[in-house]
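Colleague: Please read through the structure below; I'll follow up with questions.
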Amino acid sequence: MEYRRSENLKDPSLNQRIITLIKNIPEGKVATYGQIATMAGNPQATRLVVWTLNSCSQKEKLPWHRVINSKGRISLKPGQGYELQKMLLQKDGIKFEEDDSIDLEKYLWSPSEIRL
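Residue numbers for the sequence shown, in the numbering used here: 23 to 138.
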């Protein structure tokens with residue numbers, strides 16, 4: 023079944039699973055948008071992960087800064103949150119490579135058990 027963004031937004035259980043997963047990303051680790059979508063049960067829901075971060079981070083007290091793209095990079099643009107996200111990740115103990123990427127082999131979250 024193909025999921026469209028509008029269908030995803032109507033699925034409160036998927037949205038709640040995304041919130042639960044993001045809340046569980048530990049300090050010193052990162053997750054990718056696609057990883058969260060896949061773990062929540064819909065690999066095509068990466069845009070819903072982005073939407074959830076944009077709309078719920080403050081209300082749900084999400085560690086939004088721990089979600090990055092699949093290339094190990096911050097997706098926010100300089101002057102639009104990039105610097106804040108990088109600072110928060112560094113505060114968490116994440117070290118950036120010279121090209122400003124994050125070593126996913128070292129820092130990618132690999133949860134052993136999450137109850138959704």
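Ideal placement from N, C-alpha and C gives every residue a C-beta, glycine not left out.
(1) Given this structure, state the Cα-to-Cα distance separating N64 from R95, to the nearest angstrom.
(2) Does I124 come out as helix, strand or coil in the three-state DSSP assignment?
(3) Run through the DSSP bridge pairs and tell me what V52 is partnered with.
(4) Assess, as a yes-or-no matter, whether the segment 41-56 is touched by the segment 85-101 under the definition of 3 or more beta carbon pairs within less than 8 Å.
(5) By the 10 Å Cβ neighbour count, where 16 or more other Cβ atoms means buried, how is R39 classified, buried or exposed?
(6) When the Cβ atoms of the segment 43-52 are set against those of the segment 112-119, are three or more pairs found closer than 8 Å?
(7) Over what stretch of residues does the alpha helix (DSSP H) that includes Q102 continue unbroken?
(8) Per DSSP, what kind of secondary structure is I90 in: helix, strand or coil?
Modeller: A quick look at the data gives this:
(1) 22 Å
(2) strand
(3) L130
(4) yes
(5) buried
(6) Touching, per the Cβ criterion.
(7) Counting along the chain, Q102 sits inside no alpha helix (DSSP H), nor does DSSP assign it H or E at all.
(8) strand
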